[in-house]
Amino acid sequence: MFIFHGDREFFRIYIKTQGENFHEFWRFKTLVPVLPDYQKNLLFSRWTQIEQAYKEILDFLDKIFWIKEVSFSNNVMFSCRLVPIAEHVVSKNLKIGSVNWQTSVENGKMAERILMVFKDATNFKTGGLGFFSIRSDPFHLYRMDRFEIEHASWMTVDQVIALRNCKLIQLGDVQFNSTDINKILLEYVENPGKLLELRLSGSENIILRDVVTGLNAV
110 MFIFHGDREF FRIYIKTQGE NFHEFWRFKT LVPVLPDYQK NLLFSRWTQI
160 EQAYKEILDF LDKIFWIKEV SFSNNVMFSC RLVPIAEHVV SKNLKIGSVN
210 WQTSVENGKM AERILMVFKD ATNFKTGGLG FFSIRSDPFH LYRMDRFEIE
260 HASWMTVDQV IALRNCKLIQ LGDVQFNSTD INKILLEYVE NPGKLLELRL
310 SGSENIILRD VVTGLNAV
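Per my numbering: the sequence shown = residues 110 to 327.
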């Protein structure tokens, strides 16, 4: 599938099939400049009104192809513009697959919107969500196959415990001491949810004896 616009007032989607005389064209009211990468079979967009343009395209394609799942990999320069698009996807009851949020989010309200809109994603990975406390988070609602945050120094013990229904949790740069980790493990032993694997990494000094207290570990 290709999307063209050239110097025209409208852009169009062009689907080429193997059959003869079976090419289809569609026109949209929204101007969407695009740059194709033929080697990687990707399409890069330079939308001036990105949210409205994307919603129009998504709604149209959903009627034709019955979209079942949408995945997201954010643009480094305009990462926050992706949030209203994701919220539109959720409003249409479409499943969110993988989310790769490459940039750190330094705005608390935006971070909370990101956590909420992607709560039903299959996989979620981000570099970080800033160095602040998030007042409202939906971690207890997460049911992900994989949840990963590279810089999770802002996360609390209770937030990690609330992720128990994710199958694999990987958190980097955590600021937990031995007592904190012991509390997390005790909670998981009592109620593991769907958790299969937990990986925590950080720079704090950990005393193994304190970590395993009460776990009946050998």
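Backbone N, C-alpha and C fix where the C-beta goes; we use that ideal spot for every residue, glycine too.
Where the beta strand (DSSP E) through residue i begins and ends
i	result
residue 282	277 to 283
residue 235	232 to 237
Coil, strand or helix - residue i by DSSP
i	result
residue 255	strand
residue 132	Low per-residue confidence applies at residue 132: pLDDT is 45, beneath 50, and the placement is therefore not dependable, though the value from the model is reported in the following sentence. It is coil, neither helix nor strand.
residue 313	coil
residue 303	coil
residue 324	coil
residue 177	coil
residue 147	coil
residue 171	helix
residue 319	helix
Burial state of residue i, where buried means 16 or more other Cβ atoms lie within 10 Å
i	result
residue 251	buried
residue 223	buried
residue 169	exposed
residue 257	buried
residue 174	exposed
residue 323	exposed
residue 246	buried
residue 308	exposed
residue 183	buried
residue 298	exposed
residue 147	exposed
residue 280	buried
residue 295	exposed
residue 191	buried
residue 305	exposed
For residue i: DSSP bridge partner residues
i	result
residue 182	209
residue 308	279
residue 260	237
residue 204	178
Endpoints, alpha helix (DSSP H) assigned at residue i
i	result
residue 217	217 to 226
residue 296	287 to 299
residue 197	191 to 200
residue 91	Any answer about residue 91 is impossible in this case: the structure gives the chain only from 110 up to 327.
Beta carbon proximity, residue i to chain D, threshold 8 Å
i	result
residue 170	Going by chain labels, chain D is absent from the structure shown, which holds only one protein chain.
The ligand MN heavy atom lying under 7 Å from the CB of residue i
i	result
residue 234	Ligands displayed in this structure: none; no statement on the ligand MN is therefore possible.
Any contact of the stretch 286 to 294 with the stretch 311 to 321, i.e. 3+ C-beta pairs under 8 Å?
Flag = yes, the stretch 286 to 294 and the stretch 311 to 321 touch.
Take every Cβ of the stretch 261 to 271, pair it with every Cβ of the stretch 224 to 234, and state whether three or more of those distances are shorter than 8 Å.
Under the Cβ criterion (8 Å, minimum of three pairs), the stretch 261 to 271 does not count as touching the stretch 224 to 234.
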